[in-house]
Structure formats: C-alpha cells, structure tokens
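Notes follow once the structure below has been shown.
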Amino acid sequence: MQLRIERRMVPHVPWGLIFCVLAVCLLGVWNLASASRPNPPATSVWPTQALYLGVGLVAVLVVCLVDYRWIQRMALPIYVANIVALLALRVFGHTAKGAESWFVIGPFRLQPAEFMKIGVVLMLAKIYHDDFRPNEPSYGLVRLWKPVLVFGVPFVLVLVQPDLGTALMIGLTSLTVILFGKVRWYLVATLVAGILAGAIIIWNDYIREVPEPRPTIVRHHLKKHQSQRISGWLDPEADLRGSGYHAAQSKIAVGSGGVSGKGWREGTQTGLRFLPEQHTDFIFSVWAEEHGFVMCVLLLLLYGAIFIFGLGVGFNARDRFGAFVAVGVVAMLFWQVFENIGMVIGLLPVTGITLPLMSYGGSSMLSVMLSIGLLVNISMRRHMF
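Numbering-wise, the sequence shown is residues 6 to 390 according to our numbering.
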C-alpha cells in the first residue's frame, strides 16, 4: 500500500463536492453554537464538533492518499471487522436511550453501526465488481443471495440493539445499490408488493377501527417506544404530552421560523429547551426556527449539490467498484437527509436519525467524512489505471 497524491490527480479533484461539504459542516458548527446555548459554557458542544470536523478532514486526506484498489481488496476485512464490533456490543456495549449501541472509551463514545454502513457499501461494491457477467447483466433471485446476505446480517444485528433507524438506513442504502445493479422485473414487482403489504400492516395495526384488543400483525413484536413513534406519526395530536411531543414541538419550531427566521440565538423553542435532542436528531428544527424558509432551501440546495456531485463521481468512475461505492455513499447520505428532515416536519415517524454534517456527534461526523473521502479518492483516480 502506497500513500501518495500525484500531480496528475489534482485536476480531477471534485472541488465542488468539497466546497459544498465544507459549507454544510461550517453551517452545522455555527448552528450548534446556538442549539447548545442553554448549557453552561463548559458543556457547549460546538467546540467539540469543530474538533470532530478537524479529525474528519484528516480522515478525508488519509483516505485520498490510499489507492482505492487497495480499499477494494480490503473490503471483506473491513466488513468483517465491523460485524465483530457489532457482536462485541453485546458484551462490552454501553446502553443509552434503550439501545446497546455504543462503546465508551473514556470521555468518548463510538457507535459501530455508523461505520457498518460504510462496510456494507464497500462489500456490496466489491461483490458487484467481482461478480459482473457481461452476458447476464441483470440479477435474478439466485444471484442476489450474496448482496442480501451482506446487508441482512448487519441489518439484524443493528435491529436487535434495538436501533430501528440505523437498521432502516442500512436496508434502504443496500436496496438502492441492489437496484442500481439491475434486477429482474419480477423482483421489482415483489418490492412493490412488499411496500403495499407494509401499508396494509400499518392500516391493520394502527388505523383500522376494531374493538380492543386489536388483532395485530407486527405491532405486538415492536418495542413500546417504537410502536408509540408510529402511532404518534399517524395521529400526532393523540398524545401531545407523550409520544407526539417530539414531533409537535419540532413542527412548532419549524413553522415559527417563517420566511426569514427569528435570528441566530433568538429561537424561543431552542432557547427555552422545548425542542428534544435539539443538537442531534432535531438540529434542523433549530436551523428552521432561527434562519427561516429561505435558508432551509439554501441548506437543501447544498445537500442536493453534494448528491449530484457524488453521482457524477460514480458515473465517471474508472470501474464498477468505484461506481457502486459512489452510488452507495450518495444513497446513504440521501436517505439520512430524507428521513431526518421528513421526521422533523412531521411527514415521517421519529426514528432517531441524525442529519449528516449538521447534527452533533463524532461517530456520525467521522463516518460521513470517510465516505466523502471515498468519493474524492474515486474521482481523483478515474484516469489512472
């Protein structure tokens, strides 16, 4: 393994992607300075987030120095190491908010599931690169056993922590990569049927008016807080002091921001701490309340630009591995942004998904920056091999 950046790579650096990522990161640190203001200065989170950003930038540089063909060869060891970390949580994990999702190392907490998403993307990309058959470009049910196994194992391990939100992100990211790899029409039809079946289950378990006790299909298998989040999403005003509290306070904050916002550090929902988890899961509510609709559109445009630049890296990649990694990274970021903002404005149930590059958290920041480093690496080396 050689660590180097050659002069001929520089013209292929995706400067637009880097600029947009840095812009979102800096806006995130600035926003956290407001989101954490009710705390004493000693516990303010924005300096720590700035430190995490610095570590993330170093991680991007390190990833860029490595030829991604070496990363391709290391995809399996990286995947296995992440699986081992998830298994180790059962013995050494720290339980927080009802989920056994963290390693605690002194003052630091590490969430292996965040890095598992990268491991899944790398392993899927390796499979689709190594298993390519020009005379059989689309995948049937038999050929899909490897991709399904690759995402199915971590999906289950994360789900039983229980961390439904991260498990869904692993599933949606993997499904996007699998669809990008071309599947037979009957599998797409099966997917549509599965979505319809899910809608029927939600209708039966939560909406259908029947005498209690209600006969349910899935609801009785869920944790109490998971079931309450779904019922709170379907009927937000049914329990405003309980399961609907988070969503209700978030929508008040977003709506009260209006067009131009109340101003930095002037948000009342934030300042009076009505917003739950305002520096992590509901950081977008802080942004919307203080900066308004116009700046929310700007933030969404920056995210959209990141997605477009990332897909551009994939379409111009030298090989299938690079293309699939790029699509996987973009899918991972897209679904997180989609779920987090949808959750904040009440369109989706609360799942505890952070907003990439904006929410506070070292594991989240580092995993996203490693993913950005992969995109930059693939772009730089697209004409080298």
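We put the beta carbon where it would ideally sit given N, CA and C, even for glycine. All values derive from a computational prediction rather than experimental measurement.
So residue i and residue j are supposed to be a Cβ contact under 8 Å. How far apart are they, rounded?
i	j	result
residue 1	residue 338	Given a span of 6 to 390 for the chain in the structure shown, any question on residue 1 remains unanswerable.
residue 88	residue 165	About 13 Å; that fails the 8 Å criterion.
residue 317	residue 334	In fact, because the Cβ distance is near 12 Å, the residues do not count as touching under 8 Å.
residue 160	residue 332	19 Å between Cβ atoms; not a contact.
residue 234	residue 359	That pair is no contact at about 16 Å.
residue 262	residue 294	4 Å
residue 68	residue 375	6 Å
residue 210	residue 197	Not really, about 21 Å apart at Cβ, beyond 8 Å.
residue 227	residue 258	That pair is no contact at about 28 Å.
residue 365	residue 284	4 Å
residue 31	residue 380	Not quite, the Cβ-Cβ distance comes to about 19 Å (not below 8 Å), so this is no contact.
residue 231	residue 169	6 Å
residue 118	residue 171	5 Å
residue 34	residue 58	7 Å
Helix or strand or just coil, what does DSSP make of residue i?
i	result
residue 20	helix
residue 377	helix
residue 84	helix
residue 133	helix
residue 365	coil
residue 15	helix
residue 50	coil
residue 188	strand
residue 342	helix
residue 210	helix
residue 360	coil
residue 221	coil
residue 36	helix
residue 167	coil
residue 251	helix
residue 150	helix
residue 385	helix
residue 285	coil
residue 25	helix
residue 264	coil
residue 292	helix
residue 325	helix
residue 300	helix
residue 473	Beyond the ends of the chain as shown, which are 6 and 390, falls residue 473; an answer cannot be given.
residue 309	helix
residue 276	helix
residue 196	helix
residue 352	coil
Is it buried or exposed for residue i, if we count other Cβ within 10 angstroms and need 16 for buried?
i	result
residue 131	buried
residue 269	exposed
residue 240	exposed
residue 382	buried
residue 252	buried
residue 150	exposed
residue 369	buried
residue 135	exposed
residue 305	exposed
residue 287	buried
residue 94	buried
residue 51	buried
residue 36	buried
residue 143	exposed
residue 73	buried
residue 205	exposed
residue 200	exposed
residue 75	exposed
residue 190	exposed
residue 208	exposed
residue 152	buried
Under 9 Å between the Cβ atoms of residue i and residue j?
i	j	result
residue 108	residue 97	yes
residue 155	residue 129	yes
residue 255	residue 348	yes
residue 275	residue 290	yes
residue 40	residue 307	no
residue 38	residue 49	yes
residue 175	residue 163	yes
residue 361	residue 341	yes
residue 133	residue 326	yes
residue 336	residue 85	no
residue 1	residue 14	This structure cannot speak to residue 1, because the chain is shown only from 6 to 390.
residue 344	residue 180	no
residue 83	residue 124	yes
residue 367	residue 66	no
Please name the residue or residues paired with residue i in a DSSP beta bridge.
i	result
residue 114	109
residue 161	Looking at the DSSP assignment, residue 161 forms no beta bridge with any residue, so it has no partner.
residue 144	188
Return yes when the C-beta of residue i is under 8 Å from any heavy atom of the ligand PLP, and no when it is not.
i	result
residue 37	Looking at this structure, you won't find the ligand PLP or any other ligand, since it has none at all.
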